[in-house]
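Asks:
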Amino acid sequence: MKQLPLPISLSPRATFETFVTGDNEESVACLKGLLQSHSEPQAFIWSKAARGKTHLLQAICHQAAEENKNAAYVPLKELAESDPRLLHGMEQLDIICIDDIHLAGNDKEWAVELFNLINRCREQKTPLVFSATKKPQEMSLALEDLRSRLMWGPMFYLKKLQDEDLFKTVTQRAENIGLEISLEATQYLFTRSRRDIKELLQIIDQLDKETIIQQRRVTLPLIRSVLESRGA
């Protein structure tokens, strides 16, 4: 995959295959199809934090790589203080994913550059995907015309995963990183943790590191120790 010279790397785990869809089938199907069809050249996904927005945008970029297409992942959480002219020329790519647009839309220079990028992408028929914690109608924007541009394509609200899907996500992460954790241990973790997918996955990753450092298997005492270290 050809990336513009941004100091950004994608998580190798952030693929469509590792994303647990839950009740978000329609939004995931739309995002998967953006590279195959230009019928929907733009999409906007929004939700509260830790619902999988970043995962999905990076999954699109991984999909592009598999299809030998050029993509750009633009995380405004990291780049909002950068020169917005970094967007220049991106319309020449096959797809652009801009994460956390709400963090830059209230800046006049960024708002103008984003507005112009959308117009250029529409002319070039280059798919664009945006994510935010709010829908465009509720965002604070320095350029009102940007609001209407952000609403040009379908908009999807990512729904919270139910417990069954959360459990599936956690066990899948453990399998992907080669962490052996019993059903009893996973259930124990669930009964003592918040139903927050980001935190649960961080705990799994921490357990994996501890098993390597301590040369031991995942046990209930080890889970308790990790939870206590996190203030849980």
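With our numbering as the guide, the letters of the sequence shown map in order to residues 1 to 232. Backbone N, C-alpha and C fix where the C-beta goes; we use that ideal spot for every residue, glycine too.
1) So for Ile98, helix, strand or coil by DSSP?
2) Determine the DSSP secondary structure at Leu128, reduced to helix, strand or coil.
3) Which one of Leu141, Phe167 and Leu183 has the shortest CA to CA distance from Pro108?
4) Near Leu117, what residues of its chain come up, given a Cβ to Cβ distance below 7 Å and the 5 sequence neighbours on each side ignored?
5) For Leu4, collect the residues of the same chain with a Cβ closer than 7 Å to its Cβ; drop the 5 residues on either side in sequence, then sort them by chain order.
6) According to DSSP, is Trp110 helix, strand or coil?
7) Judging by CA-CA distance, which residue of Leu57, Gln215, Thr211 and Gln172 is the nearest neighbour of Ile95?
8) How far does the beta strand (DSSP E) with Gln42 in it reach, from first residue to last?
9) Mark Lys77 as exposed unless 16 or more other C-beta atoms lie within 10 angstroms of its C-beta, in which case mark it buried.
10) Assign Ala174 to one of two classes, buried (16 or more other C-beta atoms within 10 Å of its C-beta) or exposed (fewer than that).
11) Express the C-alpha separation of Arg216 and Gly33 in angstroms, rounding to a whole number.
12) Can you list, in chain order, the residues of its chain with a C-beta nearer than 7 Å to that of Arg149? Leave out the 5 residues immediately preceding and following it.
13) Taking Phe156 as part of the alpha helix (DSSP H), name the residues at either end of that continuous run.
14) Do Glu113 and Arg85 count as a contact pair if the criterion is CB distance below 8 Å?
15) To which residues of the same chain is Thr15 closer than 7 Å at the C-beta, ignoring the five residues directly before and after it?
16) So what's Pro221 in DSSP terms, helix, strand or just coil?
17) Between which two residues does the alpha helix (DSSP H) holding Val170 run?
18) Less than 8 Å between the CB atoms is what I'm expecting for Val129 and Leu31, so what's the real figure, rounded?
19) Tell me Pro84's beta-bridge partners as DSSP assigns them.
20) Can you find the residues in the same chain that come closer than 7 Å, C-beta to C-beta, to His102, ignoring five residues on each side of it along the sequence?
21) What is the DSSP secondary structure of Pro136, counted as helix, strand or coil?
22) When the Cα atoms are used, what is the spatial distance from Pro221 to Glu26?
Replies: On the basis of the data shown:
1) strand
2) strand
3) Just to set this straight, residue 108 is Lys in the shown sequence, not Pro. Per the Cα distances, Leu141.
4) Leu87, Met90 and Glu91
5) In this prediction, Leu4 has a pLDDT of 47, which is less than 50 and means its spatial position is unreliable; what the coordinates show is noted afterwards. Cβ neighbours of Leu4 beyond the five flanking positions: Ala72 and Met90.
6) helix
7) Leu57
8) Gln42 to Trp46
9) exposed
10) buried
11) 43 Å
12) Phe115 and Ile118
13) It is not in any alpha helix (DSSP H) - Phe156 instead sits in the beta strand (DSSP E) that spans Met155 to Tyr157.
14) yes
15) Ala59 and His62
16) helix
17) Asp163 to Asn176
18) 7 Å
19) Paired residue(s): none; Pro84 is not in a bridge.
20) Ala132, Thr133, Lys134 and Met139
21) helix
22) 41 Å
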